Amino acid sequence: MTETATTKIPTHIAIIMDGNGRWAQRCGLPRLRGHEEGARSVRAVVKACRDAGVKYLTLYAFSVENWVRPKVEIAGLMRLLRRFLRSRERELRDNKVRLRVMGRVEDFPAEVREELARVIKATESRDSGHLILALSYGGRAEIARAAREIARRVQAGEIAPAQVDENMVARHLYLPDVPDPDLLIRTGGEMRISNFLLWQVSYTELYVTPVLWPDFREKELHEAIAEYGRRQRRFGGIDPARGTESR
Ligand code: FPP
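With the working numbering applied, the sequence shown covers 139 to 385.
1. Look at Phe200 and Ser274 and say whether their C-beta atoms are less than 7 Å apart.
2. Quick check: the region 271-291 against the region 198-213, are at least 3 beta-carbon pairs closer than 8 Å?
3. Where the beta carbon is closer than 5 Å to any heavy atom of ligand 1, which residues qualify, in chain order?
4. If you count every other CB in all the chains shown that lies within 10 Å of the CB of Leu170, and 16 or more means buried, which is it?
5. Rank Glu227, Ser225, Met216 and Glu229 by C-alpha distance to the C-alpha of Arg251 and give the top, closest one.
6. With DSSP as the reference, please indicate the residues paired to Ile151 in a beta bridge.
7. How many angstroms separate the CA atom of Ala285 from the CA atom of Val307?
8. Applying the 10 Å Cβ sphere with the 16-neighbour rule, what's the burial state of Cys187?
9. Can the beta-carbon of Pro148 be found closer than 7 Å to that of Asp315?
10. Going straight from the alpha carbon of Met139 to that of Phe222, what length do you get?
11. Classify Ser263 as buried or exposed, calling it buried when 16 or more other Cβ atoms lie within 10 Å of its own Cβ.
12. Does the contact criterion of 3 or more C-beta pairs under 8 Å hold for the region 335-351 versus the region 369-377?
13. Report yes if the CB atom of Thr145 is closer than 7 Å to the CB atom of Ala364, and no otherwise.
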């Protein structure tokens, strides 16, 4: 029996997939080869999450800041994303996984948007699991967008300023029905949030591993889930064992 068979499974895992470039450099290969190998990890982790019973998986696939990368790297990432969508559509459908996106998807080239729209439509009735791709995503941009929409509604007289509370803000984020992540994994060892899900990770357990994303597969996912199972989540309450207050 694997350790995940006996441990508590997070409902929602979010991942900052970092280290593709370093992986390629270590192997003496061009950066794109690192992204290609990273796409294989995406496939492996999506499957492992489904098998483990993780209901939501959010992957930071492209940040709003990533547009400053060299044109060839951006083009390569777009190609990989399209290839992933084309080659995995059937698998997602058969496994009842619904594809969703969050971010400024309108920034993407038409061919990618069309492919995304097709797979989103083809999987929209599936609900065993949700695969959420954060694309041209930024946490600050998401919060600013919510604030803009709330301001517009206040101005239109639909809501009063006094009604603007945390629930209202949460309802104006990209995917209001998706629960906050229980576990945020960052590969590649950096101790940063990098503008990912800023609102949603307030009480999320953080797990940073030095393993580079192309080397992060099923075994590494199970290790992260096992570590999550050992954490005591208190949400600002009291640790019953120690009687001490904790955030
Ligand atoms: C960060 O590594 C990774 C990215 C910016 C892109 C992630 C993309 C993939 C895993 C492949 C395609 C995605 C899908 C959903 C099929 P980095 O390049 O910043 O690595 P470094 O810090 O070592 O340079």
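Where is the CB? At the ideal position from N, CA and C, for every residue including glycine.
Since the structure is predicted, the reported quantities are computational estimates derived from the model, not experimental observations.
In brief:
1. Inclusion of Phe200 and Ser274 in the CB contact set at 7 Å is warranted, their separation being smaller than that value.
2. yes
3. Met155, Asp156, Gly157, Asn158, Gly159, Arg160, His173, Gly176, Ala177, Val180, Ala199, Leu218 and Phe222
4. buried
5. Met216
6. According to DSSP, Ile151 bridges with Leu195 and Leu321.
7. 7 Å
8. buried
9. The Cβ-Cβ distance between Pro148 and Asp315 does not fall below 7 Å.
10. Here Met139 scores only 44 on pLDDT, less than 50, and its place in the model should not be relied on; the value that follows carries that caveat. Each residue's Cα considered, the two are about 31 Å apart.
11. exposed
12. yes
13. yes
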